[in-house]
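Heads up, the thing below is written out as structure tokens.
Protein chains: 2
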Amino acid sequence: MVTGRSGAKISPSLEDYLEAVMELAGADEGARTTDVAIRLGVSKASVNQAMGLLVDRGLISREKYGPVYLTQEGRNAAQAVCRRHRALKSFLVSVLGIDESVAEEDACQIEHVVSKETMASLIDFMERGTGR
Amino acid sequence: MVTGRSGAKISPSLEDYLEAVMELAGADEGARTTDVAIRLGVSKASVNQAMGLLVDRGLISREKYGPVYLTQEGRNAAQAVCRRHRALKSFLVSVLGIDESVAEEDACQIEHVVSKETMASLIDFMERGTGR
DNA sequence: TGCAGATGTTAGGCAAGCCTTACTTTTTGA
DNA sequence: TCAAAAAGTAAGGCTTGCCTAACATCTGCA
């Protein structure tokens, strides 16, 4: 879980939307509703609704009929999600020897529920113990 | 996730109910609705509903106004959940050095989403690598 | 320049999952 | 034997997350 403004957690689903926005938006480009919808395999309406929630939390900004942009806080949150995802997957693959595709799926699930403490220790463990 | 009759997955919540039943039911004692409710901090109505779903899936049996019993399949499923829980927690504590209570919470979350493959590898890793 | 098609938004709805309150029925033990 | 405790039922609410249909806006190009 990642915290937004006021420390409120966002749902796994919202984290996925946030991640998608970051991946689709370049350095200072925005991400389009349609592209997010395609990437996540959901309707544009669902994306729109999710974007509304992310705006509420101060993680993205948008103007009507325009692309959405990550706020600084949103960027931080999205990067945190990504970092967790990568670290988890890397752990699963390189330490546990899990199959790439299974690791990807598991990382997707676990990244949404694991605590900050555990993530930090995991990253630490990988760096000191087993290399990356 | 654990599979019941016909391989259907059961929800995290149902897994928790199943776990509670196993912990409350002795060797061949049953577990009482009230005790399950207290342990999980939910109403008896919720327990009753959940028990109905577990009966549907062939994981427990019960007679009206009596305690519930795990079926063999239910026992297997519950033990699998427990084993995952213990292994995860043990990993978090002894390998990552996570605080006991945080580990407990994280294990609770992760145990519901992690794949069989990853669990198996994790157990394997702990046995060969770091001792228990 | 104005319209067609792409894009975005709104409104309304549905299903799953989980829980509650209030009530009825059964059991049990003083 | 009868009241309290336990179990079960009925009815319903909330949240999350998704959808479709219909509508609004924008934009490129003939």
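Listed in order, the protein sequences are those of chains A and B.
Just add 2 to the spot in the first sequence (first one is 1) and you have the working numbering.
Just add 2 to the spot in the second sequence (first one is 1) and you have the working numbering.
Every residue, glycine too, gets a C-beta built ideally from N, C-alpha and C.
Computed from a predicted structure; not experimentally measured.
* Tell me, which residues are paired with Ala-79(B) by DSSP? -> Residue mapping note: residue 79(B) aligns to position 77 of the second sequence, counting from 1. Paired residues: none, contrary to the question.
* To do: Output yes or no for whether 8 Å exceeds the beta carbon distance between Val-23(B) and Val-70(B).
  => If you number the second sequence from 1, residue 23(B) lands on position 21. If you number the second sequence from 1, residue 70(B) lands on position 68. Taking C-beta atoms as the reference points, Val-23(B) and Val-70(B) count as a pair closer than 8 Å.
* Nearest-angstrom Cα distance between Leu-16(A) and Asn-50(A)? -> For the purposes of this step, residue 16(A) is taken as residue 14 along the first sequence, with counting starting at 1. For the purposes of this step, residue 50(A) is taken as residue 48 along the first sequence, with counting starting at 1. Note on geometry: alpha-carbon atoms of Leu-16(A) and Asn-50(A) lie some 12 Å from one another.
* Would you mind stating whether Ser-123(B) and Ile-125(A) have Cβ atoms separated by less than 8 Å? => Residue 123(B) sits at position 121 when you count from the first residue of the second sequence. Residue 125(A) sits at position 123 when you count from the first residue of the first sequence. No, they are not a contact pair.
* Starting from Ile-62(A) and walking both ways along the beta strand (DSSP E), at which residues does that stretch end? -> The residue given as residue 62(A) occupies position 60 in the first sequence. Start and end: 62–64.
* Look at Leu-20(A) and Ala-80(A) and say whether their C-beta atoms are less than 8 Å apart. => For the purposes of this step, residue 20(A) is identified with residue 18 of the first sequence, where counting begins at 1. For the purposes of this step, residue 80(A) is identified with residue 78 of the first sequence, where counting begins at 1. Yes; because the gap between Cβ atoms is below 8 Å, this pair is in contact.
* To do: Compute the Euclidean distance between the alpha carbons of Glu-31(A) and Gly-43(B), then round it to the nearest angstrom.
  => In the first sequence, counting from the first residue as 1, residue 31(A) sits at position 29. In the second sequence, counting from the first residue as 1, residue 43(B) sits at position 41. As the crow flies, the alpha-carbon of Glu-31(A) is around 48 Å from that of Gly-43(B).
* Apart from the five residues on each side of it in sequence, which residues of its chain come closer than 8 Å, Cβ to Cβ, to Asp-58(A)? -> Translated into positions along the first sequence, residue 58(A) becomes position 56. Excluding residues up to 5 positions away in sequence, nothing lies with its Cβ nearer than 8 Å to the Cβ of Asp-58(A) in the same chain.
* Residue-chain proximity (Ile-12(A), chain B), Cβ-Cβ < 8 Å -> Along the first sequence, read from residue 1 onward, the residue named residue 12(A) stands at position 10. Cβ-Cβ to chain B under 8 Å: no for Ile-12(A).
* Along chain B, in chain order, which residues have C-beta atoms closer than 8 Å to that of Asp-18(A)? -> Locating residue 18(A) in the first sequence gives position 16, counting from the first residue. Contact note: Asp-18(A) does not reach chain B at a C-beta cutoff of 8 Å; the least C-beta distance is about 14 Å.
* To do: Give a yes or no on whether 8 Å exceeds the smallest Cβ distance from Asp-108(A) to chain B.
  => Along the first sequence, read from residue 1 onward, the residue named residue 108(A) stands at position 106. Interface residue, yes.
* Cβ neighbour criterion (16 or more within 10 Å) applied to Ala-47(B) -> The count along the second sequence starts at 1 and reaches residue 47(B) at position 45. So Ala-47(B) ends up on the exposed side.
* Asked: Looking at the structure shown, is Leu-26(A) part of a helix, part of a strand, or coil, going by DSSP?
  -> By 1-based counting over the first sequence, the position of residue 26(A) is 24. Note: Leu-26(A) maps to helix in three-state DSSP.
* With distances taken Cα to Cα, identify the nearest neighbour of Gln-74(B) among Ala-82(B), Tyr-67(B), Gly-68(B). => Looking up residue 74(B) in the second sequence gives position 72. When C-alpha distances from Gln-74(B) are compared across Ala-82(B), Tyr-67(B), Gly-68(B), the shortest belongs to Ala-82(B).
* Could you have a look at Tyr-67(A) and say whether DSSP puts it in helix, strand or coil? => Looking up residue 67(A) in the first sequence gives position 65. Tyr-67(A): coil per DSSP, three-state reduction.
* Asked: Who are the neighbours of Glu-102(A) on chain B, taking C-beta pairs under 9 Å?
  -> For the purposes of this step, residue 102(A) is taken as residue 100 along the first sequence, with counting starting at 1. Chain-order list of chain B residues neighbouring Glu-102(A): empty, with the shortest C-beta distance near 11 Å, by a criterion of under 9 Å.
* To do: Evaluate Gly-76(A) with the Cβ neighbour count: other Cβ atoms within 10 Å of its Cβ, from every protein chain shown; 16 or more gives buried, anything less gives exposed.
  => Sequence index remark: in the first sequence, residue 76(A) carries index 74 (1-based). Gly-76(A) comes out buried.
* Smallest Cα separation from Gly-60(A): which of Ala-39(A), Thr-120(A), Lys-11(A), Gln-111(A)? -> Along the first sequence, one-based indexing puts residue 60(A) at 58. Residue nearest to Gly-60(A) within the set Ala-39(A), Thr-120(A), Lys-11(A), Gln-111(A) is Lys-11(A) (criterion: CA-CA distance).
* Apply the 10 Å Cβ neighbour rule to Arg-85(A) and answer buried if 16 or more other Cβ atoms are within range, or exposed otherwise. => In the first sequence, counting from the first residue as 1, residue 85(A) sits at position 83. Counting Cβ neighbours within 10 Å, Arg-85(A) comes out exposed, since fewer than 16 surround it.
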